[in-house]
Each structure stands twice: as structure tokens, then as C-alpha cells.
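**Student:** Below is a structure I'd like to ask you about.
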Ligand SMILES: Cc1cc2nc3c(=O)[nH]c(=O)nc-3n(C[C@H](O)[C@H](O)[C@H](O)COP(=O)(O)O)c2cc1C
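Numbering (the working numbering), first residue to last: 745 to 1153.
Encoded structure:
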């Protein structure tokens, strides 16, 4: 079984040996793994965020309460096939052994699924390593089936000679590969992935664009960022995702299939084709579809005219066609409102349940987005909703909804 392309979460804590962890990160990336890094505030005293971003292509995660990342302690734990703490300080080892969870790093351990490997590579002064508290914590963690890697002996950063030095990067990598190779699930994915990998999801993303003439067009501001994140998180959890997106939308890194559209007509044709030819379990319809198509003029409209009239023709609501084309699919619809009028919001949400036959509706308001506030209302039916905050929470909610309705959790 190949071990490449696994999701590895690396936790860095505050030791001089952080520089050695960079070599571990770099080698795991070169081997084709997806690597994400969480850093303690102390570790940032030893190496910078840019070094990690340069090595992994992604900024390290440092704050549990950063807006948009508040569910990281759950989502990262779920995403990872393996977690490696290197270097692990005495402080971190002692804290997690006693169940503390006062930051992202320790909470990740509390949220750990013991079906997956959790490796700790200690790095500290010999006295700290041999301290009865540290030794008791190591013994406690071993009982929990945490893999505590050996330390190397030699001259330590503090000038003392003895054990406690971080294991050499090559030996850490060997251990990681060994642990990945012993994953019991044959696809090498997490147990949740194994359960979810037969689920087929179509995610639509970005905004349609309607030509005015051969040069110009009218479009909307949808970037596809939310839908790309949803597609990636569902694909990372093992689902088979088709990402149907506008040409300018944010791309998905993990979707199994990638299709693009430009106009309303393109999207309609692509949707009809996909829904007729595939049996999707879920459609997450997040694309912002033009309500009107312009009566297009050929060539380039004269730009000297003092006034210009365009004729716009109403488009049908694509979301209303989805269940008709694919009755077995469950439908997750989005409603972007631009009002504080609760009765109007309720009416728009109700129409998505009653006319489009949605199974879940996600509503947010333009005013919130403008203020960088990612608050979403999640409706399981036309009258009840719960409120969540942030994109990660939204991805987690959709994942849980799918797993629950499939009877997998
Ligand atoms: C120069 C320097 C080097 C350090 N090296 C280590 C080390 O190798 N191992 C260790 O356990 N603590 C070491 N510490 C102490 C930790 O940085 C300190 O306990 C910190 O609170 C750990 O926080 P963290 O576990 O959240 O990263 C060092 C401190 C300094 C100033």
C-alpha cells in the first residue's frame, strides 16, 4: 500500500529544535503528503510563520479563536490521518497527559480519535526529560496508545550532555511512514473516510456571467470561496466530489472532478447533464445564478451613447429543477438575503423548502458578509433554524448533516 498523499498534521511547540522540524515538514511534503502545521505561541519565538508557509504552501494555524477557524480543533483532528508533535516540549507533554485543553494544541489532543496515530517526538533538556512529572506523563500517554518517540543522546542546546534531544528528522520520518503503513483501513483514509467514500456530491460554485455584447458582461460578486472550502472539506473526508464552478471561481484542490461554466445557459446545461448521467447523493447548490439574461448584441455596443437600454429576460430558478432531474438526490440550498425583515427572510427560505424541495437551507445576509461576519442560519425545515459562525463551522455542519442523513454517525 502506498503511503503517499496522506493528511499529516504537525504540531510545533517552543523548543530550539523547531528548526529540525522544518526538515521533517519539507521531506513529508516532498513525499507527496498534505501537511498542515499548528504552532504554539512559544514556537513562534524560534521560527517564523513564513518559513512554514514557504514549506507547506499554507500559513500555520496559531489561534483557536481566529474568525473562520473556530472549529479547527475538531476539523483538523478529523482531517488528519496522523498527528505528529515535533518538537514536543515538557510543557506540552505534561499538559496533555493531565487533560488540559486551554489552547488549540492541547484541545486537538482532547479531540483526538485514537483509531489514528498520535506521535510525540520530545525535545528538551535532560533534567526536564528525566523529571518524575515528565516521565509519569510519558508513561500515562503510552498507556493511551500515544506513540512516544525515542530521544537522541548527545550535546543538547543548553550545553549539557544526555538524553532529551529531538530524534533526527530521518528517524522521525521513518516512524511516521511506519505508522502510516500500519493503518488498518485499506484505502489509507480515516475510518470516517471509509464510511463516506461511496457518497457522491455535486457542489456548484461561483457566479454566472451574462454577456451584454461580444466584449462585455454582467455578473455578480460571488468568488466561490465558500463552495470551494465545502468541496475540499467533503473530499478530504473521503466523499467523491464533483466541483461545478464558474471559470473565475476559487478552485477546489481535492474534488475528484472539475467542470466549469460561464453563463446561466452553460450552468443549466452542465447541471442537466450531470444530474441525468450521475446518481448524486447530495447536491450543494452554492452558485450565485443570474436572475436575468441579457438580450445580447453582436459586436461591441457603441460606447459614445449618452444613455443605453439593455433588455433583461427572467431566468427560471435552477434550484427548482434539481430535484425534478434527480429525485433521489438530497439538496442543500443557499439563500443570500439583503434585508433585516424577518418575515421576508422566512418567506424566501420557505420557498426553497416548498418549491425547490430542499433538505437543508443555509441563509446568510449581505450586510454580514460586507462586515466580514460569517454568520449562517441553518434551516432543517422552513420554521426552525440554528445559528453558526465561520466557514469551518459551516463545512462541519454540512459534513455532519450528510453523515447523519446517511445513517453513518
Ligand atoms: C531558548 C529556549 C529554549 C527552550 N527549549 C526548550 C526545549 O527544548 N524543550 C522544552 O520543553 N522547553 C524549552 N523551552 C521552554 C519552553 O519554550 C516553555 O516551556 C514554553 O512555555 C513552552 O510552551 P509550548 O509548550 O506551548 O510551546 C525553551 C525556552 C527557551 C527560552
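Beta carbons are placed, not taken as given, at the ideal position from N, Cα and C, and that holds for glycine.
#1: DSSP state of residue 929, grouped into three classes?
#2: Starting from residue 1064, trace the alpha helix (DSSP H) in both directions and tell me its first and last residue.
#3: Quick test of your reading: residue 705 and residue 850, contact by CB under 8 Å. State the CB separation rounded to the nearest angstrom.
#4: Contact defined as beta carbons within less than 8 Å: I believe residue 765 pairs with residue 855. What is the distance between those atoms, to the nearest angstrom?
#5: Measuring from the CB of residue 697, is there a heavy atom of ligand 1 at a distance below 8 Å?
#6: With DSSP as the reference, identify every bridge partner of residue 783, one or two as the case may be.
#7: Where residue 789 and residue 1030 are concerned, what is the direct C-alpha to C-alpha distance, given to the nearest angstrom?
#8: Just the Cα atoms here: how many angstroms apart are residue 973 and residue 806?
#9: In chain order, what residues of the same chain lie with their CB nearer than 8 Å to the CB of residue 1049, ignoring the 5 residues before and after it?
#10: Regarding residue 1134 and ligand 2, is the C-beta to nearest heavy atom distance less than 8 Å?
#11: Taking the straight line between their C-alpha atoms, what separation do you get for residue 929 and residue 1094?
#12: Thinking just about the alpha-carbon of each residue, which of 1097, 981, 987 is nearest to the one in residue 1067?
#13: Using the rule of at least 16 other Cβ atoms within 10 Å of the residue's Cβ for burial, across every protein chain shown, is residue 1110 buried or exposed?
#14: Specify the secondary structure class of residue 1126 as computed by DSSP and reduced to three states.
#15: So, is residue 1070 buried or exposed, given that buried needs 16 or more other C-beta atoms within 10 angstroms?
#16: Our contact map puts residue 786 next to residue 757 with C-beta atoms below 8 Å; I'd like the distance itself, whole angstroms only.
#17: Just how far apart, CA to CA, sit residue 994 and residue 1028?
#18: Classify residue 956 as helix, strand or coil using the three-state DSSP reduction.
#19: Are residue 989 and residue 1023 close, meaning C-beta to C-beta below 9 Å?
#20: Does the distance from the CB of residue 1080 to the CB of residue 1108 come in under 9 Å?
#21: Is it buried or exposed, residue 1131, if we count other Cβ atoms within 10 angstroms and call 16 or more buried?
#22: CA-CA distance, residue 1112 and residue 801?
#23: Between the stretch 863-872 and the stretch 815-834, do three or more beta carbon pairs fall short of 8 Å?
#24: Per DSSP, which residues does residue 822 bridge with? Please list them.
#25: Which value, in whole angstroms, describes the spacing of the CA atoms of residue 853 and residue 1013?
#26: Would you mind sorting residue 1148 into buried or exposed? The rule is 16 or more other CB atoms within 10 Å of its CB.
#27: Between the beta-carbon of residue 1002 and the beta-carbon of residue 1073, is there less than 9 Å?
#28: Identify whether residue 838 lies in helix, strand or coil by the three-state DSSP scheme.
#29: Rounded to the nearest angstrom, what separates residue 752 and residue 943 at their Cα positions?
#30: Could you pull out every residue in the same chain whose Cβ sits closer than 6 Å to the Cβ of residue 1120, ignoring the five residues on either side in sequence?
#31: Name the DSSP bridge partner or partners of residue 1058?
#32: My understanding is that residue 954 touches residue 1008, with C-beta atoms under 8 Å, so please give their C-beta distance in whole angstroms.
#33: DSSP on residue 880, reduced to helix/strand/coil?
#34: Using three-state DSSP, classify residue 1120 as helix, strand or coil.
#35: Can you pull the DSSP bridge partners for residue 768?
#36: Can you say whether residue 822 is buried or exposed, counting buried as having 16 or more other CB atoms within 10 angstroms of its CB?
**Tutor:** Here's the rundown:
#1: Reading the chain shown from its first residue, position 185 is the one you call residue 929. Any reading at residue 929 is ruled out, since the residue's pLDDT is 36, under 50, leaving its predicted position unreliable.
#2: Residue mapping note: residue 1064 aligns to position 320 of the chain shown, counting from 1. Here the alpha helix (DSSP H) through residue 1064 covers 1063-1069.
#3: Given a span of 745 to 1153 for the chain in the structure shown, any question on residue 705 remains unanswerable.
#4: Taking the chain shown and counting its residues from 1, one reaches residue 765 at position 21. Taking the chain shown and counting its residues from 1, one reaches residue 855 at position 111. Residue 765 to residue 855, Cβ: 22 Å. No contact.
#5: Absent from the structure is residue 697, since the part of the chain shown begins at 745 and ends at 1153.
#6: For the purposes of this step, residue 783 is taken as residue 39 along the chain shown, with counting starting at 1. Residue 783 pairs with 756.
#7: Taking the first residue of the chain shown as 1, we reach residue 789 at position 45. Taking the first residue of the chain shown as 1, we reach residue 1030 at position 286. The straight-line gap from Cα to Cα measures roughly 41 Å.
#8: Locating residue 973 in the chain shown gives position 229, where the first residue counts as 1. Locating residue 806 in the chain shown gives position 62, where the first residue counts as 1. Cα to Cα, residue 973 sits roughly 20 Å from residue 806.
#9: Against the chain shown, residue 1049 aligns to sequence position 305. Correct list: empty, nothing qualifies.
#10: The ligand content of the structure shown is limited to ligand 1, which means ligand 2 is not among them.
#11: Counting from 1 along the chain shown, the entry for residue 929 is found at position 185. Counting from 1 along the chain shown, the entry for residue 1094 is found at position 350. With a pLDDT of 36 at residue 929, under the threshold of 50, the predicted position of this residue should be treated as unreliable, though the coordinate-derived value follows. Near 42 Å, if we compare the C-alpha coordinates of residue 1094 and residue 929.
#12: Taking the chain shown and counting its residues from 1, one reaches residue 1067 at position 323. Closest by alpha carbon: 1097.
#13: Taking the first residue of the chain shown as 1, we reach residue 1110 at position 366. So residue 1110 counts as exposed.
#14: Position 382 of the chain shown, counting from 1, holds the residue named residue 1126. Coil.
#15: What you label residue 1070 is simply residue 326 of the chain shown in a count that begins at 1. The residue in question, residue 1070, is buried, as its Cβ has 16 or more Cβ neighbours within 10 Å.
#16: In the chain shown, the residue the question calls residue 786 occupies position 42. In the chain shown, the residue the question calls residue 757 occupies position 13. So it is a contact: roughly 7 Å between Cβ atoms.
#17: Within the chain shown, residue 994 is the residue found at index 250, counting from 1. Within the chain shown, residue 1028 is the residue found at index 284, counting from 1. In a straight line, the C-alpha of residue 994 is about 16 Å away from that of residue 1028.
#18: Taking the first residue of the chain shown as 1, we reach residue 956 at position 212. The answer is coil: DSSP assigns residue 956 none of H, G, I, E or B.
#19: Taking the chain shown and counting its residues from 1, the one referred to as residue 989 is at position 245. Taking the chain shown and counting its residues from 1, the one referred to as residue 1023 is at position 279. Contact flag unset, no.
#20: Sequence index remark: in the chain shown, residue 1080 carries index 336 (1-based). Sequence index remark: in the chain shown, residue 1108 carries index 364 (1-based). For residue 1080 and residue 1108, yes; Cβs fall inside 9 Å.
#21: Against the chain shown, residue 1131 aligns to sequence position 387. Flag for residue 1131 reads exposed.
#22: The residue given as residue 1112 occupies position 368 in the chain shown. The residue given as residue 801 occupies position 57 in the chain shown. Each residue's alpha carbon lies about 30 Å from the other.
#23: yes
#24: Here residue 822 is taken as the residue at index 78 of the chain shown, counted from 1. Residue 822 is not bridged to any residue.
#25: For the purposes of this step, residue 853 is identified with residue 109 of the chain shown, where counting begins at 1. For the purposes of this step, residue 1013 is identified with residue 269 of the chain shown, where counting begins at 1. Near 47 Å, if we compare the C-alpha coordinates of residue 1013 and residue 853.
#26: Numbered from 1 along the chain shown, position 404 holds the residue referred to as residue 1148. Classification of residue 1148: exposed, given that the 10 Å Cβ count is below 16.
#27: For this step, residue 1002 is matched to residue 258 along the chain shown. For this step, residue 1073 is matched to residue 329 along the chain shown. Going by C-beta atoms, residue 1002 is not nearer than 9 Å to residue 1073.
#28: As a working mapping, residue 838 is identified with position 94 in the chain shown. Here residue 838 sits in helix by DSSP.
#29: Here residue 752 is taken as the residue at index 8 of the chain shown, counted from 1. Here residue 943 is taken as the residue at index 199 of the chain shown, counted from 1. Approximately 23 Å, taken between the alpha carbons.
#30: Translated into positions along the chain shown, residue 1120 becomes position 376. These residues qualify, in order along the chain: 1106, 1108, 1132, 1138.
#31: As a position in the chain shown, residue 1058 is number 314, starting the count at 1. Beta-bridge pairing links residue 1058 to 1036.
#32: Counted from its first residue, the chain shown places residue 954 at position 210. Counted from its first residue, the chain shown places residue 1008 at position 264. About 6 Å separates the two Cβ atoms, so the contact holds.
#33: In the chain shown, counting from the first residue as 1, residue 880 sits at position 136. Residue state, collapsed to three classes: helix.
#34: To locate residue 1120, count along the chain shown from 1; it is residue 376. Three-state DSSP puts residue 1120 in a strand.
#35: For this step, residue 768 is matched to residue 24 along the chain shown. Answer is none; residue 768 lacks a bridge partner.
#36: For the purposes of this step, residue 822 is identified with residue 78 of the chain shown, where counting begins at 1. That one is buried.
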